[in-house]
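Chemist: The sequence shown begins at 9 in the numbering used here and counts up by one. Quick one: structure below, then a few questions.
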Amino acid sequence: MAVQNKGKKRGASSREAPAVVEKEPLFPVSKGIDIPSDPEEASDEEEEVEEGDFDEMLKEMARDQGIDSDDNNEGDEVEDDEVEADDESDIHSSDIEGASSEDGDDESGEDDDESEEAEEVEEDESSEHDVEGAEELDEVNMDKLTIRDFVGDIQGWKEYRKTLPQIDAGYASDSSTEEPANTIGNVPIEWYEDYPHIGYDIDGKRIMRPATGDELDRFLSNMDDPDVFRTARDEVNQQDVKLSAEEVDIIRRIQGGSIPDADYNPYEATVEWFSSKTMQTPLSGAPLAKRGFIPSKWEHKRVMKIVRAIRQGHITRSSAPNKDAKPRFYDVWEKAAQGEEDAAQQKRLARRARMPAPRLALPTHDESYHPPAEYLPTDAERQKWLDEDADHRKKNYLPQDFGALRSVPGYARFVQERFQRCLDLYLAPRMLKRTTQLNAEELMPKLPDPRDLRPFPAAEALAYIGHTGRVRSISIDPTGLWLLSGSDDGTVRLWEIVSGRCARIWNLKETVHMVAWCPSSDVCVFAAAAGSRTLVVIPPELCDEQKRLLSEDLVRAGFNSAAQPEDGDEDDDSLPVSWDMPTTAEQASGIHVSVAMHKTVKAVAWHRRGDYLATLTSEEGGCSVLIHQLSKHKSQRPFRKLKGAVQSIMFHPTKPWFLVATQRYVRIYNLMQQALVKTLQPGVKWISSIDVHPQGDNVI
């Protein structure tokens, strides 16, 4: 149907060709556009342009901007809607005029020669238009051409677009091909772990979770990806982002502690916005405000208000209160209260009084201008002083000898020392230390009158004479009848206290440092520390047969015992102790056990039950204090490490406590709990010996 209409139009135009004045076409001939001849290819007026047809899209853009063949062919008559659809197909007007010569008269057809001539004329005209269009394009700036500059030449516009540079899809690009950005905001991505989506885009549509592989797939992809070390994980969008060279440089700068921006110069020249230089012209050229030259209206009102008050008598000079005038009614005790406040204020001011500077040290002999010869340094001392660093020198000067006071020059370091003195006073914190002036007589306690202390020993009653060396130790037996004494002459003597008679002598051939009776009343045993041995002795003259047998069973039971060491007990081989059987001569004198050690035994202490014995040696460390059990002939070390040098040891008479005295402290240990009970601080410089009251409440 459309082809028949076109034929009618072409015939009508051919009949009217001699009467029509041909106008120069506004659009040049398009060389790349094919005219559809099939009825199915002709598009309807209301048919939309298919997606992907770039030519049709360009034609649609031309029609939207007003570039259409209908605007240039207003003289042509349109007979029906199908002809209008053909006009909208963007066919050039010259083609339509050439084709209209064949339309119309179906009964009387034209010759083929006339149609060929018309086609030749059309080709000549189109070539002329192409040349003119090319000349026009050469004159226009190619960088600023639009679709209007091509005047309907769609093929030319397409070729021109190929020469344009590609658009860089950077941050400012608004391309619909980019992946949708997640707009969940500052929301933890863990909230979406149980959902198939990870958020929403700007249109409110769900962004589905991308497929992710396991750790093996990730490892293989990282091995194949050369840019794996430049890739960062975007947890919000669930994708890997490759960092650019600029971003990597920023990260390295931040890790290095430098400025992230490489182009930023922190050491630029200072711009003096406000300087001391007077400007020839003001900063602003605006004219001054008028209010700067007119008196203030509000100040005038304020002044007039004060003037009216003065005129009306509200403000007078005599209305000011007189400070010296005494009020009619006053407080009688005001001055007393004011006096107390003044005294308190004076005390506060006294506390905040000026703190005097500390005094300088007085000069010594070597600071004299003519010191003695022994204070003058030698050449070696002078060279050593010069070689040392100034901060490590004991004195910042060298003693010098001048013949007379008039020969003394000016001190070169006077200004430096005064400056250091001022710095010390300014920077060094100091406080005012108040000392109490005490009299030595007030500190001494008042001693009682000796007459009030009677009766007390005033004369010598007995003297135990027999030792040829210094007596180091004495001990009284539990019955109170016998006395033991040990001396440097290597002997232990047994004395009768009432008569002073020497009952027995044991020659141990070594210095006896200490003797001690066993506190148990069931046995009759004493221990003597002679050299590096501790001897256990049973005096047969002092005990009956039953007590002697009990004492021998206690002492000799360890030799007959073949029991193995119990759990928790140390082996005897690990300690410097050996339990030995005494010789025949020693056994005849009453010595039954000898405990040998590596060092000299200084002290011996018995437990109240009589089965345990503690010794103190001159050895340093934890092995200096040992506890021995007579019934089993075993020794143990109660301390791994001791603090300080131990001076004396003792068992508590009623509790399972063990007292250890060092030079300045007395520490009490609980042997059952193996813990420190308390520490006594006598406050003396050296503790030589200690003793505990029989009831166990006091320590001397």
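All residues carry an ideal CB built from backbone N, CA and C; glycine is no exception. Computed from a prediction, not measured in an experiment: that's the story for all the values here.
(1) Out of Asp257, Lys649, Ala683, Trp665, which one is the CA nearest neighbour of Gly704?
(2) Less than 7 Å between the C-beta atoms of Lys250 and Asp235, yes or no?
(3) Quick one: what does DSSP say His378 is sitting in, helix, strand or coil?
(4) So, with DSSP's three-state summary, where would you put Lys305?
(5) Per DSSP, Thr487 is paired with what?
(6) With DSSP as the reference, identify every bridge partner of Val522, one or two as the case may be.
(7) So what does Asp242 bridge to, in DSSP terms?
(8) Between the C-alpha atoms of Met589 and Ala565, what's the straight-line distance to the nearest angstrom?
(9) When you compare the CB positions of Asp248 and Arg238, do they come within less than 7 Å of one another, or not?
(10) Excluding the five sequence neighbours on either side, which residues of its own chain have a C-beta within less than 7 Å of the C-beta of Leu384, listed in chain order?
(11) Nearest-angstrom Cα distance between Ala535 and His475?
(12) How would you write the range of the beta strand (DSSP E) that Tyr208 sits in, first residue to last?
(13) What three-state label does DSSP hand Leu624 in the structure shown?
(14) Using the C-alpha atoms, what's the distance from Leu688 back to Gly598?
(15) Identify, in the order they occur along the chain, each residue of the same chain with its Cβ nearer than 8 Å to the Cβ of Thr191, setting aside the five sequence neighbours on each side.
(16) Mind reading off the beta-carbon distance from Val563 to Ala538? Whole number of angstroms is fine, and I expect it under 8 Å.
(17) With DSSP as the reference, label Met680 as helix, strand or coil.
(18) With Ser528 as the anchor, note down where its beta strand (DSSP E) starts and where it stops.
(19) Tell me which same chain residues have a C-beta within less than 7 Å of the C-beta of His205, skipping the five on either side of it?
(20) Considering just the uninterrupted stretch of the beta strand (DSSP E) at Asp511, what are its terminal residues?
(21) Any idea what DSSP makes of Ile267, helix, strand or coil?
(22) Measure the alpha-carbon distance for Phe422 versus Tyr405 and round it to whole angstroms.
(23) To the nearest angstrom, how far is it from the Cα of Ile267 to the Cα of Arg261?
(24) Could you spell out where the beta strand (DSSP E) holding Leu502 opens and where it closes?
(25) Consult DSSP for His615 and reduce its assignment to one of helix, strand or coil.
(26) I think Leu621 touches Leu638, with their Cβ atoms under 8 Å apart; what is that distance to the nearest whole Å?
(27) Got a sec? Which residues, its chain only, sit under 6 Å from Gly60 by beta carbon, not counting five neighbours each side?
(28) What do you reckon, are the CB atoms on Ala683 and Gln671 nearer than 7 Å?
(29) Going by alpha carbons, who is nearest to Asn706 out of Gln246, Trp587, His660?
(30) Would Tyr694 be called buried (16 or more neighbouring beta carbons within 10 Å of its own) or exposed?
(31) According to DSSP, is Ser229 part of a helix, a strand, or is it coil?
(32) Quick one: give me the first and last residue of the alpha helix (DSSP H) that Ile162 is part of.
(33) Could you round the C-beta distance between Met605 and Ser540 to whole angstroms and report it? I think they count as a contact, below 8 Å.
(34) Quick check: what's the CA-CA separation for Ile162 versus Ser252?
(35) Could you pull the start and end residues of the beta strand (DSSP E) that Val654 belongs to?
(36) Out of curiosity, what's the CA-to-CA distance linking Ile318 and Arg310?
Modeler: Taking the geometry as given:
(1) When only C-alpha atoms are compared, the closest one is Trp665.
(2) Yes.
(3) His378: coil per DSSP, three-state reduction.
(4) Lys305: helix per DSSP, three-state reduction.
(5) According to DSSP, Thr487 bridges with nothing at all.
(6) For clarity, residue 522 is Met in the given sequence; the question names Val instead. Answer is Ala537, bridged to Met522.
(7) DSSP lists Gln247 as the bridge partner or partners of Asp242.
(8) Whole-angstrom Cα-Cα distance: 12 Å.
(9) No, they are not a contact pair.
(10) Counting only Cβ-Cβ distances below 7 Å, and skipping sequence neighbours, we find Pro407, Asp409.
(11) Using only the alpha carbons, I get a separation of about 19 Å.
(12) Its beta strand (DSSP E) spans residues 205-208.
(13) If DSSP states are grouped into helix, strand and coil, Leu624 belongs with the strands.
(14) In a straight line, the C-alpha of Gly598 is about 40 Å away from that of Leu688.
(15) Once the five neighbours on either side are set aside, the close Cβ partners of Thr191 are Gly207, Tyr208, Asp209, Ile210.
(16) Not really, about 17 Å apart at Cβ, beyond 8 Å.
(17) Under the three-state reduction of DSSP, Met680 is assigned to coil, being neither helix nor strand.
(18) Annotation for Ser528: no beta strand (DSSP E) segment contains it, and DSSP assigns it neither H nor E.
(19) Excluding sequence neighbours, His205 sits near Arg214, Ile215, Met216, Arg217.
(20) Reading off the sequence shown, one finds Ala at residue 511, where the question assumed Asp. 510-515 is the extent of the beta strand (DSSP E) around Ala511.
(21) The answer is coil: DSSP assigns Ile267 none of H, G, I, E or B.
(22) Within the model, the alpha-carbon separation for Phe422 versus Tyr405 is close to 12 Å.
(23) Straight through space, the alpha carbons of Arg261 and Ile267 are spaced by roughly 6 Å.
(24) Per DSSP, Leu502 belongs to the beta strand (DSSP E) from 499-504.
(25) Looking at His615 - three-state DSSP - the assignment turns out to be coil, as it is neither helix nor strand.
(26) That belief holds up - the Cβ atoms of Leu621 and Leu638 are roughly 6 Å apart, short of 8 Å.
(27) Here Gly60 scores only 47 on pLDDT, less than 50, and its place in the model is too uncertain to base an answer on.
(28) With respect to the 7 Å criterion, Ala683 and Gln671 are not classified as neighbours on the basis of their beta carbons.
(29) Residue His660 is the option with its Cα nearest to Asn706.
(30) For the record, residue 694 in the displayed sequence is Trp; it is not Tyr. The residue in question, Trp694, is exposed, as its Cβ has fewer than 16 Cβ neighbours within 10 Å.
(31) Three-state result, Ser229: helix.
(32) First-last of the alpha helix (DSSP H) with Ile162: 162-171.
(33) Confirmed, Cβ separation roughly 5 Å.
(34) Computed Cα separation, rounded: 40 Å.
(35) Taken as a continuous stretch (DSSP letters only), Val654 belongs to no beta strand (DSSP E), as it is neither H nor E.
(36) Distance between the alpha carbons of Ile318 and Arg310 is about 13 Å.
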